[in-house]
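The block underneath contains the structure these notes are about, expressed in structure tokens.
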Amino acid sequence: MAYDIPLFNLNFDEKEAKAAYETIKSGWISTGPKCAELEQMFVDMWKVKYAVSVTNCTDALHLCCLACGVGPGDEVLCPSLTFAASANCIRYAGATPVFCDIVGPDHINIDPEDVKKKITPKTKAIVVVHMAGYPAKMDEIMAIAKEHNLKVIEDACHGPLSEYKGKKLGTIGDCAAFSFFSNKNISTGEGGMFISNNEELANRARLMRSHGMTTMSYQRASGHATAYDIVELGYNFRLDDIRASIAIEQLKKLPGDLEKRILVRKRYVENLSKIKGVVVPFADCTEFTSNYIMPVVLTQGTKEDRDAIREKIHAAGIQTSVHYPAIHKFSIYKDYGAVLPQTEYVTDHEITLPMYAALTMEQVDFICETVNKAING
Ligand SMILES: *Cc1c(COP(=O)(O)O)cnc(C)c1O
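Just so we're aligned: the sequence shown equals residues 2 to 378 in the numbering used here.
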């Protein structure tokens, strides 16, 4: 069934099609000038020193772990209320994820108090996720990291251009990962970005992105290099110029898109604050944020009640989702023995409502009325 109001819609027009067409006609379609241009846009817009384009955010996170020196025998702290890639990346590097709880329904990011409790002599790094584009408690996290000599990896997939105390998310920790998957704020189908202010980490990410090779095909094709050595067991995590050219158009649109999302969010918060039985996470946050998704958390009932409420909302033609099924509940993580009461509450009571720039105020009002009826009859 196609929903009248989907969860997300692409902010695409002729510009993306034209950009892809022109790259195809240019004769160079793999990693080249368009990837370099996109990386430079990240450097300029994020005020960060280094940006390395990659195939997707999962690979960017993998590179973050490798760049930070995460390896076998290490433990890495991470939330469970996130997409599986935030924890899987730790295992790709041979280390063990240790799941931490979130603060609670009104702040669904990793809890610095639980982070402190889970530090052991083996702890190497912390993966922080900025849910919905709302900043985690970074002052506290960075202080803990400094005290215990831990690296901080920001999974900033939800938060392109989001801010925390004057800094862009992704520029606070040691390195960060962004996604250009179809339903993210910047959409190219598949794609991602690694960023860092640390030259050593960025060099290592760039090397491991392309087989540990010392030069790239484009450098050789353009006469800047004639040979290469392979100095590490790397991967092929390269983005191509076709998708980079689409990402460039998406990035140009992003500031305007986010301004519209702010108005949508404001209308939601106004309406939802009058509805009994729902909490809006981060309702008191005054930072500039990307508003990647619109999560709400029910204050009572069971998981089954939540699912029944979602069904009623769907019956009115409105798509919803759940962010997220907790990772520690998946089959491949059941032996990790994590007990996370706040995460378990939110994963069973959360509903994600539609969020995109083109949503009208009438649609937001209709969604909120429908939510109210579904919860309160
Ligand atoms: C989407 C997402 C990812 C994975 O991104 P891909 O580009 O699809 O690999 C990782 N972490 C979070 C929090 C995400 O939302």
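Glycine included, every Cβ here is placed at the ideal spot set by N, Cα and C. Quick caveat, the model's predicted, so the values are computed rather than measured.
Residues near residue i in its chain [Cβ-Cβ closer than 8 Å; skip 5 each side]
| i | result |
| --- | --- |
| residue 256 | 162 |
| residue 117 | 145 |
| residue 219 | 29, 31, 32, 33 and 34 |
| residue 209 | 64, 67, 68, 233, 235, 236 and 238 |
| residue 366 | 268 and 272 |
| residue 286 | 135 and 136 |
| residue 258 | 12, 186 and 358 |
| residue 349 | 303, 304 and 307 |
| residue 143 | 153, 173 and 174 |
Cβ-Cβ separation, residue j to residue i (assumed contact under 8 Å), whole Å
| i | j | result |
| --- | --- | --- |
| residue 270 | residue 248 | That belief does not hold up - the Cβ atoms of residue 270 and residue 248 are roughly 30 Å apart, past 8 Å. |
| residue 250 | residue 20 | 5 Å |
| residue 279 | residue 265 | Incorrect: roughly 17 Å between the Cβ atoms, too far for contact. |
| residue 165 | residue 288 | 6 Å |
| residue 111 | residue 80 | 4 Å |
| residue 311 | residue 321 | 5 Å |
| residue 195 | residue 55 | 6 Å |
| residue 174 | residue 47 | About 13 Å; that fails the 8 Å criterion. |
| residue 36 | residue 202 | With a Cβ gap of about 19 Å, residue 36 and residue 202 do not count as contacting. |
Cβ pair residue i, residue j closer than 9 Å
| i | j | result |
| --- | --- | --- |
| residue 245 | residue 190 | no |
| residue 95 | residue 72 | yes |
| residue 129 | residue 139 | yes |
| residue 294 | residue 159 | yes |
| residue 8 | residue 353 | yes |
| residue 368 | residue 83 | no |
| residue 314 | residue 361 | no |
| residue 106 | residue 282 | yes |
| residue 262 | residue 334 | no |
| residue 51 | residue 200 | yes |
| residue 243 | residue 376 | no |
| residue 177 | residue 197 | yes |
| residue 103 | residue 318 | no |
| residue 90 | residue 182 | no |
| residue 252 | residue 11 | no |
| residue 291 | residue 186 | yes |
| residue 85 | residue 331 | yes |
| residue 49 | residue 169 | yes |
| residue 226 | residue 217 | yes |
| residue 223 | residue 13 | no |
| residue 316 | residue 180 | no |
| residue 324 | residue 351 | yes |
Cβ-based neighbour list, residue i, same chain, cut-off 7 Å, excluding 5 preceding and 5 following
| i | result |
| --- | --- |
| residue 119 | 78, 99 and 101 |
| residue 76 | 96, 97, 99, 121, 123, 124 and 125 |
| residue 277 | 377 |
| residue 108 | 282 and 283 |
| residue 221 | 227 |
| residue 373 | 276 |
| residue 115 | 101 and 102 |
| residue 344 | 81, 82, 102, 103 and 327 |
| residue 157 | 131, 170, 171, 177, 178 and 179 |
Residue i beta carbon near ligand 2 (any heavy atom closer than 8 Å)
| i | result |
| --- | --- |
| residue 54 | With respect to ligand 2, the structure offers nothing, as its ligand set consists of ligand 1. |
Proximal residues to residue i (C-beta, below 6 Å), its chain only, five neighbours per side dropped
| i | result |
| --- | --- |
| residue 141 | 113 |
| residue 133 | 159, 293, 294 and 296 |
| residue 272 | 369 |
| residue 152 | 69, 126 and 175 |
| residue 93 | 63 |
is_contact[residue i, chain B] using C-beta, thresh 9 Å
| i | result |
| --- | --- |
| residue 71 | Looking for chain B here will not work: only one protein chain is present. |
Every unbroken alpha helix (DSSP H) within the region 44-104, with a cutoff of 4 residues, ordered by chain = 58-68 and 86-93
task = Please specify which runs of the alpha helix (DSSP H), each continuous and at least 4 residues long, are wholly inside the region 234-281, giving them in chain order.
result = Residue ranges of uninterrupted alpha helix (DSSP H) with 4 or more members, entirely inside the region 234-281 and ordered along the chain, are 242-273.
ask   = Hey, which unbroken runs of the alpha helix (DSSP H) at 4 residues or more fall wholly within the region 132-170?
value = 139-149
query = What are the start and end residues of each continuous beta strand (DSSP E) run of 3 or more residues lying completely inside the region 273-328, in chain order?
reply = Annotation note: the region 273-328 contains the following uninterrupted beta strand (DSSP E) runs of length 3 or greater, listed N- to C-terminal: 295-299.
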